[in-house]
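Asks:
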């Protein structure tokens, strides 16, 4: 299998460039890529040092692949002049955009992961604090302020989902664990009943749930196939009878679960 | 000011396309954009319905701008056939990549925010659990397992930073608040001293800190200019005397703070 050296170069965090690079390269499973992220390349000096590294790498074999989001022309040109195969994720689209919008671009460093105003910062902090305070069924009397209450059996993925919703979108997301006791009936627990319209359920493949639970509590009834099957079936029956939307987390990343809830519950993002 | 309807269309979450779209459009402050995210457009039927919406929008004025990451050719062609200005963030680079790598792409839906294997899922869950358990100076006896211990005055941004590091990169990140008492000296608190090499400091503009603290505790000594100035100065003196790297969070987003710590502390990401 060929191995190809790949660099993601950005004047900021490089998160966007890295995500697009990974998405593109995942289309080439035949090739092994060695990907390095070089963030904060924001001066000509750093660009020059990077170009030197790239040229050295090129001498070892094939030209390295470079995926970049660089706003500054001088920095971009230094990188582009190296002995590389250059995929310019930014400049490729700026020209056509300028033409379509009939205005020049500002060529200032993007703010996609950049400086936030105070209101945005506050929304995010408040949302993170809310998710922490109301994690795992704590402070159910705060549910009046929740935009969504994520429910599900223990270890179905509620905590990361709520933290993600708060960090990524500034959503006030609480979570409530459906305990074995709650799941002996398919009626909504008393703490949840008044907030039915805000509930969003998580479900999971019982075998996967068992795998997750066994990592920490192997041998427990809690982690047995029977308990996992029973809890998942009861949770789904509860969602259906109360008309609660739900998502199966088994094959989904936190990003996908979060985007699904945002979309299906029509939540208004703050960030 | 002109207002331009803009759509981000993806067969998955659309997070990558949205971030790149925002980064590109931020270069045109003269134009107002009305951006809508249309995630999970993963069937020809959904694509057809989307194309109809786009065509209707085009009849109202200018052609909408469309930024898309769509892997499936049939879906992409349906969108491309609408009356739009199309910025294809995916296909633009796939052709040149195929040529450079001399292999065909698999044309399968990307995994950048997709299905994770169980090991990755576990790393992320463990890291999130660790961050929750060790938030705000709790369980300092777990620091042996920490990859980084984020320290700073109250409200300097420690909690979101650690949650982000755990969710985004699978890093075991604990955080410890430097209390007013801790800050009466520039010596490291006893709980931190044995873990000096793992510490990473946050600092913040004292005026901004005051603004944040006053939101919840206005009138308190805790939120007074004098306290904020004193605590920030002492924290920075502590970092300098103990040789602890630190980052100023005042004008940075959580993504930037996280990427800076990952980079400067040379942490090994798991995700």
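Residue numbers (our numbering), protein chains in the order written: chain A, 521 to 791; chain B, 521 to 791. Built from N, CA and C at the ideal position, the CB exists for glycine as well.
State the CB to CB distance for the pair residue 718 of chain A and residue 666 of chain A, rounded to an integer number of angstroms; the pair is presumed to be in contact (CB under 8 Å).
Replies: The Cβ separation is near 6 Å, so the contact holds.
Asks: Since residue 727 of chain A is in the alpha helix (DSSP H), which residue starts that stretch and which ends it?
Replies: Start and end: 726-737.
Asks: So with CB distances below 8 Å, who are the chain B contacts of residue 774 of chain A?
Replies: By Cβ distance, chain B contributes 644, 687.
Asks: Assign residue 529 of chain B to one of three DSSP states: helix, strand, or coil.
Replies: Strand at residue 529 of chain B.
Asks: List the whole-angstrom C-beta distance separating residue 562 of chain B from residue 525 of chain B, where the pair is believed to meet the contact cut-off of C-beta under 8 Å.
Replies: Wrong, their Cβ atoms sit about 23 Å apart, outside the cutoff.
Asks: Starting from the C-beta of residue 472 of chain B, find all residues in its chain whose C-beta is less than 6 Å away, skip the five residues before and the five after it, and write them out in chain order.
Replies: Any question about residue 472 of chain B goes unanswered here, given that chain B covers just 521 to 791.
Asks: Quick one, are the C-beta atoms of residue 669 of chain A and residue 715 of chain A less than 8 Å apart?
Replies: Contact: yes.
Asks: Name the DSSP beta bridge partners of residue 694 of chain B, please?
Replies: B:669.
Asks: Going by beta-carbon coordinates alone, are residue 693 of chain B and residue 651 of chain B separated by less than 8 Å?
Replies: Cβ atoms of residue 693 of chain B and residue 651 of chain B: closer than 8 Å.
Asks: Since residue 611 of chain B is in the alpha helix (DSSP H), which residue starts that stretch and which ends it?
Replies: Counting along the chain, the alpha helix (DSSP H) containing residue 611 of chain B begins and ends at 611-621.
Asks: Rounded to a whole number of angstroms, what is the C-alpha to C-alpha distance between residue 632 of chain A and residue 783 of chain A?
Replies: With a pLDDT of 49 at residue 632 of chain A, under the threshold of 50, the predicted position of this residue should be treated as unreliable, and no value is reported.
Asks: By the 10 Å Cβ neighbour count, where 16 or more other Cβ atoms means buried, how is residue 658 of chain B classified, buried or exposed?
Replies: Result: exposed.
Asks: Grab me the residues of residue 680 of chain A's own chain with a C-beta within less than 6 Å of its C-beta, minus the 5 sequence neighbours each way, in chain order.
Replies: For residue 680 of chain A, where only same-chain residues beyond five positions count, the Cβ hits under 6 Å are 774.
Asks: For a contact defined as C-beta to C-beta under 7 Å, what are the partners of residue 550 of chain B on chain A?
Replies: Chain A residues near residue 550 of chain B: 623.
Asks: Using CA atoms only, rank isn't needed, just tell me which of B:785, B:745, B:640 is closest to residue 721 of chain B.
Replies: The residue with the shortest Cα to Cα distance from residue 721 of chain B is B:785.
Asks: With DSSP collapsed to three states, give me the class of residue 790 of chain B.
Replies: The answer is coil: DSSP assigns residue 790 of chain B none of H, G, I, E or B.
Asks: Alpha carbon to alpha carbon, what distance is there between residue 656 of chain A and residue 610 of chain A?
Replies: The straight-line gap from Cα to Cα measures roughly 42 Å.
Asks: Which first and last residues belong to the beta strand (DSSP E) in which residue 720 of chain B is found?
Replies: Residues 719-723.
Asks: Beta-carbon separation of residue 600 of chain B and residue 529 of chain B under 8 Å?
Replies: No.
Asks: Let me know the secondary structure DSSP gives residue 589 of chain A once reduced to three states.
Replies: Here residue 589 of chain A sits in strand by DSSP.
Asks: At 8 Å on the CB atoms, spell out the chain A contacts of residue 680 of chain B, in chain order.
Replies: Chain A residues near residue 680 of chain B: 644, 645, 648, 687.
Asks: So if I threshold CB-CB distances at 8 Å, which residues from the stretch 601-613 of chain A count as touching chain B?
Replies: So the close ones are 605, 607, 609, 610, 612, 613.
Asks: Pull up the DSSP beta-bridge partners for residue 768 of chain B, would you.
Replies: B:723, per the DSSP bridge assignment.
Asks: Pick from B:618, B:723, B:751: whose alpha carbon is nearest that of residue 771 of chain B?
Replies: With distances taken between Cα atoms, residue 771 of chain B lies closest to B:723.
Asks: Against residue 596 of chain B, what residues of chain A qualify as contacts under a CB-to-CB distance less than 7 Å, listed in chain order?
Replies: Ordered by position in chain A, no residue passes the 7 Å Cβ test against residue 596 of chain B, which lies about 13 Å from the chain.
Asks: I want to see whether chain A comes within less than 8 Å of residue 684 of chain B, judged by CB atoms only; does it?
Replies: Yes, contact with chain A.
Asks: Could you work out which residues of chain A lie near residue 655 of chain B, taking near to mean beta carbons separated by less than 8 Å?
Replies: Here the neighbours are 652.
Asks: Thinking C-beta only, is residue 647 of chain B closer than 8 Å to residue 581 of chain B?
Replies: No, the pair does not count as a contact, with Cβ atoms beyond the cut-off.
Asks: Applying a beta-carbon distance threshold of less than 9 Å, which residues of chain B neighbour residue 638 of chain A?
Replies: Residues of chain B passing the Cβ test: 728, 731, 732.
Asks: Does the beta-carbon of residue 713 of chain B have 16 or more other beta-carbons within 10 angstroms, so that it is buried, or is it exposed?
Replies: So residue 713 of chain B ends up on the exposed side.
Asks: Output needed for residue 744 of chain A: all residues of its chain with C-beta closer than 8 Å, excluding positions within five of it in sequence on either side, in chain order.
Replies: Counting only Cβ-Cβ distances below 8 Å, and skipping sequence neighbours, we find 730.
Asks: Using a Cβ-Cβ cut-off of 7 Å (strictly less than) and excluding sequence neighbours within five positions of residue 594 of chain A, which residues of its own chain qualify?
Replies: 564, listed in sequence order.
Asks: What number of angstroms, rounded off, separates the C-alpha of residue 602 of chain B from the C-alpha of residue 542 of chain B?
Replies: So the alpha carbons of these two residues sit roughly 22 Å apart.
Asks: Any idea what DSSP makes of residue 656 of chain B, helix, strand or coil?
Replies: Three-state result, residue 656 of chain B: helix.
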